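In my numbering, the protein residues as written are 16 to 307.
Where is the CB? At the ideal position from N, CA and C, for every residue including glycine.
Small disclaimer: the values here were computed from a predicted structure and weren't measured.
This report concerns only the one structure given below.
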């Protein structure tokens, strides 16, 4: 959702100028303020609200006051200087604009692949959705395979960002496992998009070995999260003697299979039924039902 007040619009404009003036790339700036690069790009376009903690971090990294960011009162950022100050600022602006354009194309590509199917999406469709040319799309994603890989990484980043936010407020390892399950459920259109791209990437990797490394890398990251949680539970006295690798593998396999059933409308499988089965998946080693 874009900004809905004049104050929010000017906050976005000032934050964008701070990023432009910083002696680093937008991606490095995002890393330093603890934001996902895509999330920062959305915020600089006005498509995502900046949280208070993010405003504070942007002010700190950009060497301006929070008061300046919020009200415009105070010392503005000092533009990065090169041999020609104006040209240096223009190059930085062009770089940020290019990053914003890439993010826009990436989001449109991921959404179209999710909802129409990889083989039914044309470069012309992506260009039309972004209001740009096919040449610009090809510049960022030279092949359709590159677009699919980018879409997979886009949704993988989205998943891990949501998961990290959930884990940050969880008060125990068991609660993290409960929230891990909730994040897997298909309850919104965006959740369905995420799963659609994931399943399509599997299918393409089966047919094209060149896509397997990327798919394997994303899956390893997801499996590693589950495995770390199971091992932590074991260190905390739960799941004594359990084979953590085997339990994590069974759980991830169950998640994938159930999600495909939900996505395809198979039988009576839905998000509520999926939740119950996933809660049972750790029994009798780890009890996730509250009060049990």
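- Item | Exposure of residue 157, with buried meaning 16 or more beta-carbon neighbours within 10 Å | exposed
Next item on the list: Select from 144, 185, 120 and 186 the residue whose C-alpha is nearest the C-alpha of residue 162.
Entry: 120
Determine the burial state of residue 191: buried for a count of at least 16 other Cβ atoms within 10 Å of its Cβ, exposed for fewer. buried
Q.
So, with DSSP's three-state summary, where would you put residue 67?
A. helix
Using 8 angstroms as the threshold, is the C-beta distance between residue 26 and residue 59 below it?
no
| field | Touch test, the stretch 275–289 against the stretch 182–202, Cβ-Cβ under 8 angstroms, three pairs minimum | value | yes
Review point. Relative to the C-alpha of residue 251, which residue among 125, 33, 300 and 146 is closest?
Key: Between residue 251 and the set 125, 33, 300 and 146, the nearest pair of CA atoms involves 300.
Nonlocal neighbours in the same chain, by C-beta distance under 8 angstroms from residue 32, ignoring five residues either side: Close CB contacts of residue 32 within its chain, under the 8 angstroms cut and outside five residues either way in sequence, are with 91 and 92 (chain order).
Query raised in the report: Considering only the beta carbon of each residue, do residue 241 and residue 249 sit closer than 8 angstroms?
Result: no
task = Report the residue from 238, 145, 115 and 39 whose alpha carbon sits nearest the alpha carbon of residue 270.
result = 238
Of all Cβ atoms in chain C, is any one closer than 8 angstroms to the Cβ of residue 195?
-> Of the protein chains in this structure there is only one, and it is not chain C.
Fill in: Span of the alpha helix (DSSP H), counted from its first residue to its last, around residue 221
204–222
Check: What do you reckon, are the CB atoms on residue 77 and residue 125 nearer than 8 angstroms?
Finding: It is not a contact, given that the beta carbons lie outside the stated cut-off.
inquiry  = With a threshold of 6 angstroms on Cβ separation, who are the neighbours of residue 155 within its own chain once the five nearest residues in sequence on each side are excluded?
reply    = 117 and 120
Distance between residue 255 and residue 55 (C-alpha atoms, nearest Å)
Taking the straight line from one Cα to the other gives about 42 angstroms.
- In angstroms with no decimal places, state the Cα-to-Cα distance between residue 102 and residue 30. Model confidence at residue 102 stands at a pLDDT of 49, short of 50, so the residue's coordinates are unreliable and nothing is read from them.
Cβ neighbour criterion (16 or more within 10 Å) applied to residue 221: Under the 10 Å beta carbon count, residue 221 is surrounded by fewer than 16 other beta carbons and is classified as exposed.
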